[in-house]
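These notes are about the structure you will find just below.
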Amino acid sequence: MEHRSVSPHVLIFPLPVQGHVNPMLKLAELLSLAGLRITFLNSDYNHHRLLRYTNILDRYTRYPGFRFQTISNGLPLDRPWTGAGLRDMMDGIKATTKPLFREMVISWCQSSDPSLLLLGIFLFAELIEAGEVPFKDDDMDRLVTRVPGMEGFLRRRDLPSFRRTRDANDRGIQFIITETQQTPRAHALILNTFEDLDGPILSQIRNHCPKIYTIGPLHAHLKSRLASETTTSQFSNSFWEEDRSCLAWLDRQPSKSVIYVSFGSITVITKEQMMEFWHGLVNSGSRFLWEEVLAHPAVGGFLTHGGWNSTLESIVAGVPMICWPYFSDQQLNSRFVSHVWKMGMDMKDTCDRITVEKMVRDVMEERRAEFTKSVDAMAKLARSSLSEGGTSYCNFKPFDRGY
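Under full-length UniProt numbering, residue 403 is the last one in the sequence shown; the count climbs by one each step, no gaps.
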């Protein structure tokens, strides 16, 4: 009897927020194109929004073996998740699921930017043992010296916001330690980054988890793969209805003259902060747009929260950044953007119109050539990683049954 190979079956279960669901849907499609069977597990609330605002079923059900399943996120449907409610949601899911499934939830604590946040997770216990965390005073510019590869530039204010505490028994700290202590037990890690961007950090992670597959940037990887298929994809994964009416205006603007503003899907911004941003942007004299149009030729700068998806998209598009981080890995990302990769500026822990105006002028005028040169060089490396023989291209081969 002829032996028939059964395609591997992959369960994908993202943290049920837009910034995690979006790249995981891209990973799901990439793996589907590679011939794997996929079950995508989403929250009831988010799946309902995807059905309402996108044609997600048409997009994914064309792949044999792809199916959607949903689960309650432990919160009422009329109470959408925010960053501050992470622990409540995790507790709710654990209360309604079985033990084997609960162990899988630990992966949610990893950022969409795995290489930066994972390093902090692996070394967090050492930071506590060395007395660097919790903080003993309010000097947020003091260097953190016990993180290999970051000794000379990582400050307290660059650590994820949940670590800014002076209490070792803080619920947030204990929550992260408990939920991530099993991470090194993983057989392998698939990371949405590329070697040229995060090489020094990846070398540190490999001391804990040797088998790492860097296959990013995911959005560009999927776009490249779809371009080689007979069908292309113009679908959206947004939880909200998209308004593309701004594109006609944008088409009329000079090249690189517009600064794009977006703070992600869960950033909480006060009315006072909104007005400071507005005044600073107006006073800078630059055209600005609060819409999702990053790759348009008219866009020359990106005022962002510094989420990993936005950071990678900005790099691939060759657009310098001004980062105003909100929480989680965004504090680390903004420091790398400004100090390590030198692709933009870090506006962490401040929000006033004078600073906004100055940084917009720097990115769009005074230091434009400097930042553009750096981000263009990294964009070229990102494209190279996805081309045949590139690191991300080769790292994906073990998952592709077509090779």
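C-beta atoms are modelled at their ideal positions from N, C-alpha and C, and glycine is treated no differently.
Closest option to residue 277, judged by alpha-carbon separation, among 328, 264, 364, 356: 356. DSSP places residue 283 within a helical segment (H, G or I) once states are collapsed to three. Per DSSP, the unbroken alpha helix (DSSP H) holding residue 376 starts and ends at 368-386. The residue among 13, 351, 288 with its C-alpha nearest the C-alpha of residue 247 is 288. Around the CB of residue 275, fewer than 16 other CB atoms lie within 10 Å, so the residue is classed as exposed. In the DSSP assignment, residue 259 is bridged to 288, 301.
The C-beta distance from residue 313 to residue 332 rounds to 18 Å, too long to fall under 8 Å, and the pair is not in contact.
In terms of CA proximity to residue 216, 382 leads the group 388, 41, 37, 382. For residue 344, the enclosing beta strand (DSSP E) has its first and last residue at 344-346.
Distance between residue 72 and residue 45, taken at the CA atoms: about 8 Å. Annotation for residue 13: no alpha helix (DSSP H) segment contains it, and DSSP assigns it neither H nor E. The shortest CA-to-CA distance from residue 20 to any of 58, 125, 328 is the one to 328. Across the structure, residue 132 and residue 253 are spaced so that their CA atoms are roughly 49 Å apart.
Taken atom to atom, the span from the alpha-carbon of residue 259 to that of residue 126 is near 40 Å. In this structure, residue 134 and residue 167 form a Cβ contact; the two beta carbons are roughly 6 Å apart against a cut-off of 8 Å.
Residue 6 counts as exposed, since fewer than 16 other beta carbons sit within 10 angstroms of its beta carbon.
In this structure, the CA atom of residue 214 is about 16 Å from the CA atom of residue 208. Look at residue 9 here: in three-state DSSP terms it is strand. Each of 25, 374, 38, 325 was checked against the Cα of residue 268, and the nearest Cα belongs to 325. No Cβ-Cβ contact shorter than 8 Å links residue 305 with residue 353. The residues 315, 318, 319, 320, 343, in chain order, have a CB closer than 7 Å to that of residue 375 in the same chain once the five nearest residues on each side in sequence are set aside. By the 16-neighbour rule on beta-carbons within 10 angstroms, residue 296 is buried. Taking the Cα positions, residue 303 is about 18 Å away from residue 340. Taking 8 Å as the upper bound for CB-CB distance, residue 364 and residue 301 are in contact here, some 5 Å apart. Across the structure, residue 57 and residue 200 are spaced so that their CA atoms are roughly 40 Å apart. Inclusion of residue 155 and residue 141 in the CB contact set at 8 Å is warranted, their separation being smaller than that value. Note on geometry: alpha-carbon atoms of residue 223 and residue 334 lie some 26 Å from one another.
When the alpha-carbon of residue 65 is set against those of 28, 170, 149, 229, the nearest one is in 28. Per DSSP, residue 274 has no beta bridge partner at all.
At the C-beta level, residue 400 and residue 34 come within 8 Å of one another. The beta-carbon separation of residue 298 and residue 250, rounded to 5 Å, stays under the 8 Å limit for a contact. In terms of CA proximity to residue 148, 123 leads the group 123, 193, 257, 128. Cβ contact annotation for residue 283 (same chain, cutoff 7 Å, sequence separation greater than five): 353, 357, in chain order. At a Cβ-Cβ threshold of 8 Å, residue 338 and residue 221 do not count as neighbours.
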